Structures are given as C-alpha cells and as structure tokens.
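One structure is given here, and the rest of the page talks about it.
Number of protein chains: 2
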Amino acid sequence: MDGVKPLKVAVLGCGSVGSQVVRLLREQAGDLTARVGAPVELVGVAVRRLEVTREVEVPEHLLTTDAHALVTREDVDLVVEVIGGIEPARGLILAALESGASVVTANKALLAEDGPTLFEAAAKAGRDLYYEAAVAGAIPILRPLRESLAGDRVTRVLGIVNGTTNFILDKMDTTGAGFSESLTEAQDLGYAEADPTADVEGFDAAAKAAILASLAFHTRVTASDVHREGITEVSAADVASAADMGCVVKLLAICELREGPDGEEAVSARVHPAMIPASHPLASVREAYNAVFVESEAAGQLMFYGPGAGGAPTASAVLGDLVTIARNRLAGARGAGESAYTQRPVLPMGETRTRYHVAAAVDDKAGVLAAVAQAFAEHGVSIQTVRQEGRGDDATLVVVSHEASDAQLAATVTHLQGMDIVREVTSVMRVEGGHE
Amino acid sequence: MDGVKPLKVAVLGCGSVGSQVVRLLREQAGDLTARVGAPVELVGVAVRRLEVTREVEVPEHLLTTDAHALVTREDVDLVVEVIGGIEPARGLILAALESGASVVTANKALLAEDGPTLFEAAAKAGRDLYYEAAVAGAIPILRPLRESLAGDRVTRVLGIVNGTTNFILDKMDTTGAGFSESLTEAQDLGYAEADPTADVEGFDAAAKAAILASLAFHTRVTASDVHREGITEVSAADVASAADMGCVVKLLAICELREGPDGEEAVSARVHPAMIPASHPLASVREAYNAVFVESEAAGQLMFYGPGAGGAPTASAVLGDLVTIARNRLAGARGAGESAYTQRPVLPMGETRTRYHVAAAVDDKAGVLAAVAQAFAEHGVSIQTVRQEGRGDDATLVVVSHEASDAQLAATVTHLQGMDIVREVTSVMRVEGGHE
Numbered sequence: 001m002d003g004v005k006p007l008k009v010a011v012l013g014c015g016s017v018g019s020q021v022v023r024l025l026r027e028q029a030g031d032l033t034a035r036v037g038a039p040v041e042l043v044g045v046a047v048r049r050l051e052v053t054r055e056v057e058v059p060e061h062l063l064t065t066d067a068h069a070l071v072t073r074e075d076v077d078l079v080v081e082v083i084g085g086i087e088p089a090r091g092l093i094l095a096a097l098e099s100g101a102s103v104v105t106a107n108k109a110l111l112a113e114d115g116p117t118l119f120e121a122a123a124k125a126g127r128d129l130y131y132e133a134a135v136a137g138a139i140p141i142l143r144p145l146r147e148s149l150a151g152d153r154v155t156r157v158l159g160i161v162n163g164t165t166n167f168i169l170d171k172m173d174t175t176g177a178g179f180s181e182s183l184t185e186a187q188d189l190g191y192a193e194a195d196p197t198a199d200v201e202g203f204d205a206a207a208k209a210a211i212l213a214s215l216a217f218h219t220r221v222t223a224s225d226v227h228r229e230g231i232t233e234v235s236a237a238d239v240a241s242a243a244d245m246g247c248v249v250k251l252l253a254i255c256e257l258r259e260g261p262d263g264e265e266a267v268s269a270r271v272h273p274a275m276i277p278a279s280h281p282l283a284s285v286r287e288a289y290n291a292v293f294v295e296s297e298a299a300g301q302l303m304f305y306g307p308g309a310g311g312a313p314t315a316s317a318v319l320g321d322l323v324t325i326a327r328n329r330l331a332g333a334r335g336a337g338e339s340a341y342t343q344r345p346v347l348p349m350g351e352t353r354t355r356y357h358v359a360a361a362v363d364d365k366a367g368v369l370a371a372v373a374q375a376f377a378e379h380g381v382s383i384q385t386v387r388q389e390g391r392g393d394d395a396t397l398v399v400v401s402h403e404a405s406d407a408q409l410a411a412t413v414t415h416l417q418g419m420d421i422v423r424e425v426t427s428v429m430r431v432e433g434g435h436e
Numbered sequence: 001m002d003g004v005k006p007l008k009v010a011v012l013g014c015g016s017v018g019s020q021v022v023r024l025l026r027e028q029a030g031d032l033t034a035r036v037g038a039p040v041e042l043v044g045v046a047v048r049r050l051e052v053t054r055e056v057e058v059p060e061h062l063l064t065t066d067a068h069a070l071v072t073r074e075d076v077d078l079v080v081e082v083i084g085g086i087e088p089a090r091g092l093i094l095a096a097l098e099s100g101a102s103v104v105t106a107n108k109a110l111l112a113e114d115g116p117t118l119f120e121a122a123a124k125a126g127r128d129l130y131y132e133a134a135v136a137g138a139i140p141i142l143r144p145l146r147e148s149l150a151g152d153r154v155t156r157v158l159g160i161v162n163g164t165t166n167f168i169l170d171k172m173d174t175t176g177a178g179f180s181e182s183l184t185e186a187q188d189l190g191y192a193e194a195d196p197t198a199d200v201e202g203f204d205a206a207a208k209a210a211i212l213a214s215l216a217f218h219t220r221v222t223a224s225d226v227h228r229e230g231i232t233e234v235s236a237a238d239v240a241s242a243a244d245m246g247c248v249v250k251l252l253a254i255c256e257l258r259e260g261p262d263g264e265e266a267v268s269a270r271v272h273p274a275m276i277p278a279s280h281p282l283a284s285v286r287e288a289y290n291a292v293f294v295e296s297e298a299a300g301q302l303m304f305y306g307p308g309a310g311g312a313p314t315a316s317a318v319l320g321d322l323v324t325i326a327r328n329r330l331a332g333a334r335g336a337g338e339s340a341y342t343q344r345p346v347l348p349m350g351e352t353r354t355r356y357h358v359a360a361a362v363d364d365k366a367g368v369l370a371a372v373a374q375a376f377a378e379h380g381v382s383i384q385t386v387r388q389e390g391r392g393d394d395a396t397l398v399v400v401s402h403e404a405s406d407a408q409l410a411a412t413v414t415h416l417q418g419m420d421i422v423r424e425v426t427s428v429m430r431v432e433g434g435h436e
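Note that the protein sequences, when read in sequence, are chains A and B.
According to the UniProt record's numbering, the first sequence is numbered sequentially starting from 1.
According to the UniProt record's numbering, the second sequence is numbered sequentially starting from 1.
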C-alpha cells in the first residue's frame with residue numbers, strides 16, 4: 001500500500017469499548033490495510049483524564065483531553081464516538097461531520113433521542129454515519145435490516161436486546177428465584193450495574209427498539225414513541241405460570257407493522273416482558289446473550305444471535321463500520337443514508353393488538369368460569385384457552401386471550417379485579433411469538 | 001424520482017427463485033425506488049421455453065429465450081442469474097460483466113468451482129458481483145462476514161447449510177427412524193429431491209463451505225479443497241448414541257483457521273456429520289432450517305438463523321444484493337470485491353484436528369477397557385471419557401477422544417477393528433461445537 005494515503009482515525013472515549021477499539025486498530029493493522037485498501041492510522045484518543053489506568057496501553061502522544069480540537073482536525077477522516085450519553089457526544093459528532101469527517105458511534109441513547117439531527121447533519125456534510133454497535137453489541141443486525149433486507153418487506157422485529165434483564169429472567173426461569181434475588185446475583189457477577197434502572201426498567205431496550213423500528217420500517221421512531229415496561233414487577237409466580245404453559249418470560253423489544261385505526265399502515269414499538277413459547281427460537285437465548293428475530297414477507301423468519309455487550313464484541317461492530325466507511329471514502333462514495341420515506345404513524349399502546357395471559361385466584365364454585373368468560377366478552381376480547389388449576393382456596397383460573405387491543409385487555413383485567421368471585425388477579429402478562 | 005434514470009434489470013431463469021424475484025420487483029416497485037433512489041425497471045426475463053405455466057405471471061413482452069442477447073443489451077445495468085449449474089450460467093455472467101452490467105447470482109456450484117474467474121472478471125470490468133443467496137438462502141451471512149466482521153478476526157464457521165439433510169437428521173433424532181425412512185419422508189414432503197445425491201452426499205454443503213471459508217479467511221478455497229462426507233451412513237444407533245451423550249447429530253460445514261504442520265496459519269474446510277452438544281445454539285436448529293455459527297476473536301460467538309432455501313426467501317436475498325448494487329451504481333461506486341490476500345494453505349483432512357466419538361461392541365471381561373485405552377494411546381490419541389454400557393453380549397465401550405489429527409483417529413479406529421476383544425465398531429463420529 002505504498003503511496004496510498006492513510007485514513008486517519010480519532011477515537012472519543014477510552015473506556016471498555018474505546019480501549020478495545022484502540023487495541024484492534026493496532027493489532028489488526030495489517031489486515032485492516034488489506035481489507036480497506038489503505039493503511040488505517042490512529043491519530044488521537046480523547047479522554048477525560050490523562051492519568052488513569054486503562055485496559056489497553058495507549059501511546060501517550062495520542063491522548064488528549066481536547067475532544068473538540070481532535071474531531072475538527074483537518075486531517076481526521078473518521079471519528080469513533082464511544083463516550084455515550086447525549087452531551088458532549090452530540091456536539092462532538094456534529095462538529096466532526098461539519099468539518100468533513102465520517103462518524104461511527106455506538107451511542108444508542110443519542111440515536112434514539114435525536115437520531116434525525118445526526119442523520120441530517122451527515123447527509124448535509126455528505127459523510128457516513130454508521131452505528132451497528134448501538135443495538136445488540138457485536139450482532140450484525142442493523143446492516144442486515146438496512147441492506148440485506150432492502151428488497152424485502154419487514155413486518156415484525158422481536159428482540160432480546162438487553163443482556164442484564166435476559167440474565168435475570170433466565171436465572172428466575174432456571175432457579176425459581178424471584179426478581180430481587182436474581183438482580184443481586186447479576187450485580188455480583190458484573191451483569192448488572194449498581195444502579196440497574198436503565199436496564200431493568202427497559203430504558204436501554206426502548207432506545208434500541210426505536211432504532212430498530214426506524215430502520216425496519218423506514219420511518220422515524222424515537223425513544224419517547226416506545227411504550228416501555230420493565231421487569232421489576234415480574235414475579236417468580238409469573239415465571240412459573242409461563243412454564244406451566246410451555247413458555248418462558250423474556251423482556252422483548254417489539255416493532256411491528258400494523259394496521260392503524262383508519263386502515264393505514266402504522267408502527268407499533270414497545271418494550272415489555274412477555275411470555276413466548278419454549279419452541280420459539282428466542283426462548284433458547286440464555287444468560288446475557290442477545291438475539292433479534294425478524295419476520296419479513298419474502299425471507300420469512302430470521303434470527304441473529306450473539307453477545308449484546310462487552311468491550312471487545314462492541315469494538316468488533318465498531319471496526320466493521322469503520323472498514324465500510326473507510327472503503328467508501330477511498331471510493332469517493334457514501335453508504336446508504338437513513339430513509340424515513342414512509343412516515344408511518346406510531347400507534348399508541350392502547351391501540352396495539354396483543355394477547356394476554358391472565359391468572360386469577362377465584363372462588364371455587366360453579367359458574368365462576370362462565371362469569372370470567374363473560375367479563376372478557378363484554379370488552380370484546382375473545383378467549384383462546386381457559387383452564388382451572390387447584391381446588392378450594394387454591395382455585396386459580398388461567399386465561400389466554402386471542403389478539404385484542406391492549407386497551408380492551410387492560411379494561412378486562414380491571415373488570416376482573418372488581419369482581420366478587422375474583423379474589424386476586426395474580427399474573428398479567430402479554431403473550432408474543434405466536435401467529436393469529 | 002422524476003427525471004432520475006431507471007436502473008434496468010434482466011433476470012436469467014424463471015423457476016422457483018426467478019419467478020419470486022420477478023414478483024418482488026413488481027410488487028415492491030415503490031419501496032425499491034425509494035430505497036435505491038431511482039426506479040428499478042425489469043426489462044427482460046430469459047427462459048428456456050416461452051410456453052410453460054409459471055408460478056408468477058410475467059408479461060409476455062419481457063420473456064425471451066435469447067439469454068445472451070439480453071445480458072449484453074447496452075441498456076441493462078443489472079443481471080440476476082438464477083439458472084444454476086456451471087454452463088451456460090458462467091458464460092452469461094462473464095458476458096454480462098464484460099458488457100458493463102453488474103451481477104447478482106445465487107449460483108453456489110459455480111462460485112465454489114470457479115469463483116476466482118468471476119471475481120476477476122468483475123474487478124476487471126469495475127462492476128459488482130454479489131451472491132448472498134448462494135449460501136443459506138435468505139439468511140444474511142455473506143454480508144456480515146464480508147462487512148460487519150471486516151475489523152475482526154474470524155476463527156471458525158460452523159454451518160447447517162443444507163435444509164434437506166437437517167430435516168432428515170432432525171426426523172431421525174425425534175422419531176428414532178433410520179436414514180432411508182427419514183429420506184422417504186423428506187421426499188414425500190418436498191424437502192428432498194427424487195435424486196437426493198447432491199444433498200445427502202454433502203456436495204451442496206461442500207460448495208457452501210468453500211464460499212464461507214473463502215470469505216471468512218480472505219483466501220481461496222474451492223469445492224475440491226473441501227473434505228466431504230454425507231449422511232447416508234448415519235444410523236439410528238449413531239443418533240441414539242449421540243442422545244445418550246447429550247448430543248445431536250448434524251451435517252456441518254466446518255471452516256477453521258488452524259495451525260498448519262509448519263506452524264503457519266492454515267484453513268480447514270470440511271463437511272461431515274458430527275455430534276454437537278444439545279446446549280449448542282446449532283443443536284436447536286430444527287427441520288429444514290439453516291443456521292451459521294461464527295466464532296471470532298473480538299465478537300465472540302454469533303449465530304445467523306433462517307430458511308435456507310425456497311423461492312421467496314432466496315429471492316429476498318437476491319433483492320437485497322440488487323438494491324446494494326443499484327445504490328452503488330447510482331453513486332458511481334463499487335462494493336468491496338473479494339479479497340484473497342492471505343493465501344492460506346488448505347489442510348488435508350488427515351492433518352485436521354478433530355475429536356472422535358467411538359462406540360464398539362466388546363467382550364465383557366476384565367482388561368478390555370485397558371486394552372482399548374492402550375490402542376488409543378499407541379496412536380497418540382488422548383481419551384476424554386470412556387464408559388462401558390451393558391453387560392455380557394451387549395457390552396459396549398463408548399470412547400470420546402480429545403483433539404487429535406484425523407489421521408491418528410482413523411488409524412485408531414482401524415486398530416480397534418483388528419482387535420480380538422472388539423466384536424464390532426458400531427459407531428464412529430466426529431464431535432464438534434466444544435472447545436479444547
């Protein structure tokens with residue numbers, strides 16, 4: 001590659017992902033040169049403090065605390081942003097694009113909150129903005145959605161996109177433990193942070209759902225469009241009830257193409273715990289692994305599986321984007337930008353059609369089943385199965401509905417809670433992964 | 001898109017894949033225009049005979065029997081080759097590239113036999129040649145290997161890339177039936193052809209292994225480099241023996257980066273039935289589904305799952321390539337071509353390191369286990385586990401070895417077969433999906 005101008009890369013952030021990006025850039029230099037067609041040169045790493053111990057040794061002369069000066073350097077071709085959070089990441093990405101650099105980012109929160117601003121800035125600058133690492137870590141899912149399925153019509157995306165919650169739910173499933181106990185174990189093993197809110201309340205998964213829905217349906221969905229429920233209310237009884245039905249409980253990011261109230265095509269984007277059949281490919285995704293299940297008109301059912309987090313896996317995704325952008329720059333081209341040409345409305349959760357699993361402790365007497373069934377019917381909800389478990393004081397009715405609007409289902413549950421013969425509604429959970 | 005010149009597409013072949021390509025091109029015209037940035041216009045479909053009933057109606061004026069004239073038409077930008085086989089497909093692809101068209105092909109046999117000729121022709125013409133549909137149907141696997149993992153170092157690819165054999169082995173596993181019976185069922189259900197040789201003898205999988213190994217390791221591997229064993233010798237006893245070990249039998253395409261005899265980096269590419277642990281993600285790939293499991297240095301373990309065949313799924317992969325090429329053409333650019341910069345040697349099977357599962361009916365007397373263990377030791381093969389099952393006339397020794405060269409393992413089996421105390425070697429199978 002003598003005589004070919006090197007592509008100069010700046011990295012923002014040198015935490016667990018950034019340090020692995022730096023390591024791979026240095027260790028794989030020969031391969032990267034061959035794959036890109038030009039040397040890839042690391043010219044700077046912006047950090048908050050110069051004097052800290054890092055996972056990977058970074059030559060001192062590359063370190064700087066002036067991120068803005070680094071991204072606006074005239075010779076920088078490519079900026080890798082792995083700081084995370086909204087600011088200063090957004091300002092730095094915009095400054096980098098404006099001064100002519102292309103950008104790779106792993107910043108799901110920023111993309112989900114303000115993606116369009118970034119996409120417009122990239123389009124205006126004629127530069128690439130790639131972010132495979134923002135969803136499901138190392139798993140190639142955005143590129144397949146954006147490119148491999150570009151000639152198909154994606155109708156549904158179901159994702160296990162948060163490793164912490166999958167670890168917790170998997171523990172609950174395999175050990176029978178409750179949520180708190182399983183969370184503590186996840187924290188002890190480093191799978192959950194001391195403040196686990198972003199994970200267990202579904203914020204992290206909701207950001208990823210917004211990104212997936214936008215790409216899958218060529219429309220704009222932001223984090224605030226995504227209905228969000230976490231897993232803190234999932235009980236050992238819910239998990240046991242799922243097992244009785246041949247199901248497991250997973251926190252799912254669900255993006256669907258649905259018919260809106262006026263017959264128009266609309267998008268449903270939501271994150272909530274749900275029961276899925278044990279035979280569903282997503283059911284066997286264990287521990288902290290991630291997987292994204294995609295349904296499309298022609299391809300049918302696809303699944304993408306792998307590690308959803310971690311320094312090295314996330315860095316692998318970053319480097320893949322970096323090589324693509326580097327090739328594009330050498331060719332004087334630009335990858336396909338974001339397209340939001342369909343401008344589909346996002347359905348409110350109440351209008352989203354789902355199925356419910358409801359377990360209720362009831363009086364054990366004749367006519368209870370009929371009365372409960374009548375409550376479902378009054379709200380226009382059709383029942384798929386109903387079974388009574390236990391007798392006497394342990395009598396429980398378990399109902400699985402057909403698809404109905406979430407509002408109808410929620411109203412049915414409220415109705416049940418007010419009935420004399422219903423002592424307690426013990427478990428309410430949506431059921432996904434089947435077909436109606 | 002008024003005023004933007006349409007991209008003109010010619011399709012070669014109108015069988016189950018070609019007719020779905022034609023259908024999608026017409027049904028998704030609006031979406032394709034938005035995604036490409038220009039209209040995509042179908043200008044001709046080459047068929048062998050004009051008067052046949054097709055799955056999809058094709059306007060008569062588009063049909064032609066003169067494929068060569070179609071691909072060399074000056075206004076054709078893109079040729080989709082879904083005829084299959086070596087000739088006339090190769091000649092038509094070369095003619096298309098030479099006359100300035102880019103090409104999408106699903107032709108695994110041609111790529112595995114003579115890929116380099118096609119890649120060189122594409123490079124010389126400055127045109128794109130994409131072939132996602134050639135391996136594992138609709139599953140995006142080539143693009144992830146080529147692009148998403150371009151900054152990583154792939155060390156192993158394990159693929160279930162033939163749906164027919166997976167269906168048969170899955171039947172054998174779930175019903176206990178033998179090979180012939182399961183093959184007949186596969187034929188009755190349309191999962192196997194009347195002449196099933198290409199599938200059950202592993203030719204189809206070997207072609208795909210060659211393509212996967214070439215892309216994963218940036219080297220040239222052709223079908224003749226791939227060691228190939230089919231599933232016709234897999235018995236109900238083998239499958240039962242696997243189940244006893246907590247394993248299932250799968251026909252795997254295995255591509256590995258291995259140390260060669262002189263310490264150099266070499267490639268192993270092979271197709272054979274193997275036992276894999278039931279906990280391995282590939283073990284749960286049922287019926288005619290395909291999946292490719294990828295191990296890389298930074299990303300760790302990834303899996304890609306979906307339908308490996310069928311008209312519509314394969315057409316989905318073809319259309320994805322078509323959109324990418326169309327965007328490249330509009331941008332005046334070309335996608336990354338094939339790279340074979342590593343030029344790694346391909347190891348002969350005898351030098352490939354594997355593990356063996358061996359079951360042998362033996363005399364039930366003291367010293368048998370020691371004698372069998374000694375036979376393994378004489379060939380330098382270390383034993384992981386050995387257990388005796390049954391007593392008297394039913395006494396069977398089951399041995400699982402550690403990794404050794406395939407030649408050492410084969411010699412050990414020959415040795416066992418010659419021992420007086422060994423009445424019969426009842427099952428020999430390689431064991432994959434673990435780590436040493």
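Quick reminder that beta carbons are idealized off the backbone N, C-alpha and C, glycines included.
Since this is a predicted model, take the numbers as computed values, not measurements.
According to DSSP, which residues form a beta bridge with residue i?
i	result
residue 250/B	274/B
residue 293/A	158/A and 303/A
residue 309/B	For residue 309/B, which the question treats as bridged, DSSP gives no partner whatsoever.
residue 397/B	360/B and 388/B
Check residue i in the structure and name its three-state DSSP category.
i	result
residue 93/A	helix
residue 381/B	coil
residue 279/B	coil
residue 58/B	coil
residue 178/B	coil
residue 415/A	helix
residue 68/A	helix
residue 339/B	coil
residue 438/B	In this structure chain B extends from 1 to 436, so residue 438/B is not present and cannot be described.
residue 20/A	helix
residue 99/B	coil
residue 349/A	helix
residue 12/B	strand
residue 197/A	helix
residue 232/A	coil
residue 26/B	helix
residue 146/A	helix
residue 245/B	coil
residue 1/A	The pLDDT assigned to residue 1/A is 48, lower than 50, so where the model puts this residue is not dependable; a value taken from the coordinates is nonetheless given after this. DSSP places residue 1/A in coil when its eight states are reduced to three.
Using C-beta distances below 7 Å, list every residue in its chain close to residue i, excluding the 5 sequence neighbours before and after it, in chain order.
i	result
residue 23/A	56
residue 242/A	248, 249 and 275
What does residue i touch in chain A if you count any residue whose Cβ is under 8 Å from its own?
i	result
residue 306/B	299, 300, 301, 302 and 303
residue 24/B	151, 152 and 298
Which residues in chain B sit within 7 Å of residue i, going by Cβ to Cβ distance?
i	result
residue 312/A	298
residue 139/A	302
residue 374/A	What residue 374/A touches in chain B: nothing, since even the nearest Cβ is about 40 Å away.
For residue i, which residues in the same chain have their Cβ closer than 8 Å to its Cβ, ignoring the five residues on either side in sequence?
i	result
residue 289/A	160, 163, 166, 305, 306, 307 and 308
residue 313/A	137, 138, 306 and 307
Strictly below 8 Å CB to CB, what residues from chain B border residue i?
i	result
residue 284/A	281 and 284
Please report the Cβ distance between residue i and residue j, rounded to the nearest whole angstrom; I am assuming they are in contact, meaning their Cβ atoms lie under 8 Å.
i	j	result
residue 102/B	residue 73/B	Going by Cβ atoms, the distance from residue 102/B to residue 73/B rounds to 14 Å, so no, they are not a contact pair.
residue 212/B	residue 285/B	At roughly 16 Å, the Cβ-Cβ gap does not stay under 8 Å, so residue 212/B and residue 285/B are not in contact.
Residue i touches chain A at which residues, Cβ-Cβ below 7 Å?
i	result
residue 191/B	Chain A residues near residue 191/B: none, gap ~15 Å exceeds 7 Å.
Just to confirm my understanding: we take residue i, look at its own chain, exclude 5 residues before and 5 after, and list those with CB closer than 6 Å. What are they?
i	result
residue 335/B	128 and 328
Does the beta carbon of residue i come closer than 8 Å to any beta carbon on chain D?
i	result
residue 28/A	Judged by its chain identifiers, the structure shown contains no chain D, and its protein chains are A and B.
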